[in-house]
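Chains as they are written, first to last, in numbering that gives the first Met the number 0: chain R, 0 to 125; chain Y, 0 to 125.
Every residue gets a Cβ at the ideal spot worked out from N, C-alpha and C, and that includes glycine.
Protein chains: 2
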Amino acid sequence: MTEGTNEDRADALFHALADRTRRDIMRRVLAGEHSVSALAQHYDMSFAAVQKHVAVLERAGLITKRRVGREALATGDIDTVRSVGSMLTEIEQVWRGRIARMDDLLASPSESGSSSPSPIDTTKEH
Amino acid sequence: MTEGTNEDRADALFHALADRTRRDIMRRVLAGEHSVSALAQHYDMSFAAVQKHVAVLERAGLITKRRVGREALATGDIDTVRSVGSMLTEIEQVWRGRIARMDDLLASPSESGSSSPSPIDTTKEH
DNA sequence: GCAACCTACAACCAATCGGTTGTAGATTGT
DNA sequence: ACAATCTACAACCGATTGGTTGTAGGTTGC
């Protein structure tokens with residue numbers, strides 16, 4: 000079904016969260032199920048506009064819609080929200096690597112190369 | 000100086016991270032200082048394009064530039080990255096609230112209203 | 001049956017985005 | 001002095017975004 004790179008997913012997720020209306024919708028649908036029209040009542044824009052925002056969130060996997068009667072009830076997907084957090088900590092991990100290397104440098108100023116070969120290219124090359 | 004709502008900050012931060020080139024730049028500048036031209040060498044686009052990406056990240060507060068000689072050395076701001084994580088956990092917090100309310104409902108099915116008045120509006124209103 | 005409601009989607013529009021090229025200024029090395 | 005390098009920014013362009021209105025179809029209640 001939804002094929003795509005991890006980077007594609009990250010693009011879609013961060014983009015989906017880069018709009019205050021969509022973030023507000025996320026808070027509401029994480030608190031509980033809401034129909035699209037119920038969501039739309041809270042915003043000063045057309046129903047179609049809110050529907051588009053919901054579609055963006057749904058395409059990113061941040062919410063799922065369940066059809067009951069004539070209503071489409073949207074629920075927030077907490078696991079997907081957490082996966083965004085994982086992407087951030089993965090980026091923070093790179094920073095931890097820098098600190099570890101700095102510690103190495105302070106601990107053993109004798110050898111030019113560190114004892115453990117770093118998996119990250121640190122050359123400044125300028 | 001940089002006035003703006005928290006929501007404005009969130010808009011800028013998520014938007015800045017919603018591009019794979021900018022995320023890659025973030026990983027590099029979190030690992031260590033890099034000049035803009037050194038960063039540009041890694042991407043299949045013009046120097047000016049990379050410079051714009053760096054500017055977006057800088058405006059969002061995700062990196063800071065330090066001028067040394069003719070070079071502009073960019074460093075990743077780990078605290079700002081973590082503040083994005085905080086925004087996410089703040090959103091997750093809303094979800095925890097839902098679960099807590101569900102637990103309340105299961106624990107005391109006698110009273111119609113919960114004992115602690117919820118700070119979040121849970122009415123479905125449809 | 002039919003009016004009211006909810007959803008979906010198309011078509012359009014101004015603004016923004018991500019890229020380009022070009023120009024100009026400051027710094028460096030020889 | 002001068003060529004090479006690094007940065008900054010303006011102007012432009014096609015694609016995307018976030019909004020609008022309009023149209024159409026399924027569901028509900030009377």
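Where residue i meets chain Y, residues with beta-carbon distance less than 8 Å
i     : result
R/M44 : Result: empty, since nearest Cβ-Cβ is about 16 Å, beyond 8 Å.
DSSP-derived helix/strand/coil call for residue i
i      : result
Y/L61  : coil
Y/H33  : strand
R/T74  : strand
Y/D7   : helix
R/R66  : strand
Y/M101 : helix
R/A17  : coil
Y/M25  : helix
R/Q50  : helix
R/S107 : coil
R/Q92  : helix
Y/S45  : coil
Y/S114 : Here the model assigns Y/S114 a pLDDT of 42, short of 50, so the residue's position is not dependable, and the following value carries that caveat. Coil at Y/S114, not helix or strand.
Y/Q40  : coil
C-alpha distance - residue i paired with residue j, whole-angstrom precision
i      : j      : result
R/V80  : Y/E70  : 38 Å
R/R27  : R/I77  : 12 Å
R/Q14  : Y/L105 : What sits at residue 14 of chain R in the sequence shown is His, not Gln. Their Cα atoms are separated by approximately 37 Å.
R/V49  : R/V35  : 8 Å
Y/A39  : Y/G31  : 15 Å
Y/A73  : Y/G60  : 12 Å
R/M101 : R/S107 : 10 Å
Y/I90  : R/M25  : 8 Å
Y/K51  : R/H33  : 40 Å
Y/G3   : R/D23  : 18 Å
R/G58  : Y/G68  : Correcting the residue identity first, residue 58 of chain R is Arg in this sequence and not Gly. The straight-line gap from Cα to Cα measures roughly 47 Å.
Y/A47  : Y/G75  : 20 Å
R/D103 : R/S85  : 26 Å
Y/D43  : R/H41  : 44 Å
Y/A37  : R/N5   : 26 Å
Partner residues on chain Y for residue i, Cβ-Cβ distance less than 9 Å
i     : result
R/L56 : Near R/L56 there are no residues of chain Y at all, since even the closest Cβ is about 12 Å away, more than 9 Å.
R/L87 : L16, V80, R81, V83, G84 and L87
Where residue i meets chain R, residues with beta-carbon distance less than 7 Å
i     : result
Y/L16 : F13
Pair within 7 Å by beta-carbon distance, residue i and residue j
i      : j     : result
Y/D10  : R/A17 : yes
Y/V53  : R/L87 : no
R/R133 : R/L56 : In the structure as shown, chain R begins at 0 and stops at 125. Residue 133 of chain R is therefore absent and cannot be evaluated.
R/V93  : Y/L12 : no
Contacts of residue i in chain R (Cβ-Cβ under 8 Å)
i     : result
Y/D10 : A17, D18 and R19
Y/I90 : R22, M25, R26, L29 and V80
Closer than 6 Å: residue i CB and nearest the ligand NAP heavy atom
i     : result
Y/A99 : With respect to small molecules bound, the structure shown includes none, and the ligand NAP cannot be examined in it.
Contact set between residue i and chain Y, taken where Cβ atoms lie within less than 7 Å
i     : result
R/G75 : W94
Worksheet item: Are there three or more Cβ pairs, one per stretch, closer than 8 Å when the segment 59-78 of chain Y is compared with the segment 87-101 of chain Y?
Response: no
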